[in-house]
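The sequence shown begins at 153 in this note's numbering and counts up one residue at a time. Using N, Cα and C, we set each Cβ at its ideal position, and we do this for glycine too. Treat the numbers as computed from the prediction; the structure is a model and nothing was measured. Inspection log for the structure reproduced underneath, given as structure tokens.
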Amino acid sequence: MPIRCAWVTEEPLYIRYHDEEWGQPCYDDQKLFEMLILEGMQAGLSWITVLRKRENFREAFDGFSASKIAQYDDAKTEQLMANPGIIRNRLKIKATIQNAQQFLAVQKEYGSFSDFIWQFVGGQPKVNHWQQISEVPATTPESDAMSKALRKRGFNFVGSTICYAFMQATGMVNDHTTDCFLHGQ
């Protein structure tokens, strides 16, 4: 059995997420938007809670189509608030709509959200060499800069800790610990 990062439990969903997705460089706007929204939804909760509801989120939020979400009105917000399959937090749902609108504006300005967001690590994944999970920071100067830039553009639920988790999830940083079988890949 391969050695994985210490945060991975025996939960098959966690194992699959870690092995197949977490830390893999992602340049696809659709996927980047999904991860930005899910990381914001996770605020104050455990990641496994979000992973367990991920398919429900995809269904409820039109496959994370930013162009559709940007058009959501109060009636759609109320529909989402009544959906037991997702995290029913009004502020987070409203932030998702706001973030979709801002995401589209960034795409229009930069050609892609990927081009904008990857600038915070110089366009290439930053490979860290943490030996233990306790060494992994919650924020970095890069996540601070990303958070500041996103907030300035009107995004919500994009604090530095959320931004760093987003950077880890999308492979902007490789924070697999050095004993993890995925660290060198």
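Sorted by chain position, which residues of the same chain lie with C-beta nearer than 8 Å to residue i's C-beta, five sequence neighbours on each side aside?
{"i": "Ile-200", "result": "Thr-161, Glu-163, Leu-165, Tyr-166"}
{"i": "Asp-180", "result": "Ser-266"}
With distances taken between CB atoms, is the gap from residue i to residue j smaller than 8 Å?
{"i": "Thr-322", "j": "Cys-157", "result": "no"}
{"i": "Gly-237", "j": "Phe-309", "result": "no"}
{"i": "Phe-318", "j": "Ala-297", "result": "no"}
{"i": "Thr-313", "j": "Thr-291", "result": "yes"}
{"i": "Ile-189", "j": "Thr-248", "result": "yes"}
{"i": "Pro-277", "j": "Met-324", "result": "yes"}
{"i": "Ala-218", "j": "Leu-256", "result": "yes"}
{"i": "Ala-222", "j": "Ala-252", "result": "yes"}
{"i": "Arg-305", "j": "Val-258", "result": "yes"}
{"i": "Leu-203", "j": "Tyr-169", "result": "yes"}
{"i": "Trp-174", "j": "Gln-337", "result": "no"}
{"i": "Thr-329", "j": "Ile-285", "result": "yes"}
{"i": "Val-288", "j": "Asp-327", "result": "yes"}
{"i": "Ile-155", "j": "Cys-332", "result": "yes"}
{"i": "Asn-241", "j": "Ala-212", "result": "no"}
{"i": "Lys-220", "j": "Asp-214", "result": "yes"}
Which residues share a DSSP beta bridge with residue i?
{"i": "Val-111", "result": "A query on residue 111 cannot be resolved here, the shown segment of the chain reaching from 153 to 337 and no further."}
Ignore the nearest five residues each way along the sequence and tell me which others in residue i's own chain have a CB closer than 7 Å to its CB.
{"i": "Arg-303", "result": "Val-310"}
{"i": "His-281", "result": "Thr-330"}
{"i": "Gln-254", "result": "Arg-305, Gly-306, Phe-307"}
{"i": "Ser-295", "result": "Ser-312, Cys-315, Tyr-316, Met-319"}
Leaving out five residues on either side along the sequence, give the residues of the same chain with a beta carbon under 6 Å from the beta carbon of residue i.
{"i": "Ile-239", "result": "Met-193"}
{"i": "His-335", "result": "His-328"}
{"i": "Gln-250", "result": "Asn-308"}
{"i": "Gln-176", "result": "Gly-323"}
Is the segment 251-270 touching the segment 178-193 in the sense that three or more CB pairs, one from each, lie closer than 8 Å? Taking 8 Å as the limit for Cβ pairs, the verdict is that the segment 251-270 does touch the segment 178-193.
At which residue ranges does the segment 161-227 contain complete alpha helix (DSSP H) runs of 4 or more residues, listed in the order of the chain? Runs of the alpha helix (DSSP H) inside the segment 161-227: 164-172, 181-194, 199-212, 218-221.
Please give the ranges of any alpha helix (DSSP H) in the segment 289-325, keeping only runs that are unbroken, at least 4 residues long and fully inside the region. DSSP assignment within the segment 289-325 yields the following whole alpha helix (DSSP H) runs of 4 residues or more, N-terminal first: 293-304, 312-321.
Please go through the segment 228-271 and give each complete alpha helix (DSSP H) segment of 4 or more residues, from N-terminal end onward. If we require 4 residues or more, the alpha helix (DSSP H) runs fully inside the segment 228-271 come out as 242-262, 265-269.
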